[in-house]
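Enquirer: Structure in structure tokens, see below.
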Amino acid sequence: ITGIIGTGHHFYWIGAPGYWQWWGSIFSALEPIPFFIMTLFAFNVINKRKREHPNKAAVLWAMGTAVL
Numbered sequence: 079i080t081g082i083i084g085t086g087h088h089f090y091w092i093g094a095p096g097y098w099q100w101w102g103s104i105f106s107a108l109e110p111i112p113f114f115i116m117t118l119f120a121f122n123v124i125n126k127r128k129r130e131h132p133n134k135a136a137v138l139w140a141m142g143t144a145v146l
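Per the working numbering, the sequence shown starts with residue 79, numbered consecutively.
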């Protein structure tokens with residue numbers, strides 16, 4: 079939802095009412111939160127695993143892509 083409403087700050091420049099600037103700016107600022115939560119979830123899953131993965135380099139690469 080943050081991504082959809084976050085684009086609302088662009089509507090202001092095409093002549094839409096001024097409240098779109100505020101709504102769009104607020105939700106645009108909230109857009110990184112779901113990505114942060116997904117990163118926390120990925121680390122949580124890795125920390126709770128029952129057995130070690132045989133290819134440690136692949137696990138570290140996958141975790142690195144989740145962070146970046």
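For glycine and all other residues, C-beta sits at the position ideal for the given N, C-alpha and C. Computed from a predicted structure; not experimentally measured.
Tell me whether the region 130-146 and the region 113-121 touch, counting them as touching only if at least three CB pairs, one residue from each stretch, are closer than 8 Å.
Expert: Taking 8 Å as the limit for Cβ pairs, the verdict is that the region 113-121 does touch the region 130-146.
Enquirer: Tell me whether the beta-carbon of residue 102 lies closer than 8 Å to the beta-carbon of residue 83.
Expert: Numbered from its first residue, the sequence shown carries residue 102 at position 24. Numbered from its first residue, the sequence shown carries residue 83 at position 5. Cβ distance < 8 Å, so residue 102 and residue 83 count as in contact.
Enquirer: Over what stretch of residues does the alpha helix (DSSP H) that includes residue 133 continue unbroken?
Expert: Along the sequence shown, one-based indexing puts residue 133 at 55. Segment: none, residue 133 is in no alpha helix (DSSP H) and carries neither H nor E.
Enquirer: DSSP state of residue 107, grouped into three classes?
Expert: Position 29 of the sequence shown holds residue 107. Here residue 107 sits in helix by DSSP.
Enquirer: Thinking C-beta only, is residue 113 closer than 8 Å to residue 86?
Expert: In the sequence shown, residue 86 corresponds to position 8, counting from 1. In the sequence shown, residue 113 corresponds to position 35, counting from 1. Taking 8 Å as the Cβ cut-off, residue 86 and residue 113 do not qualify as a contacting pair.
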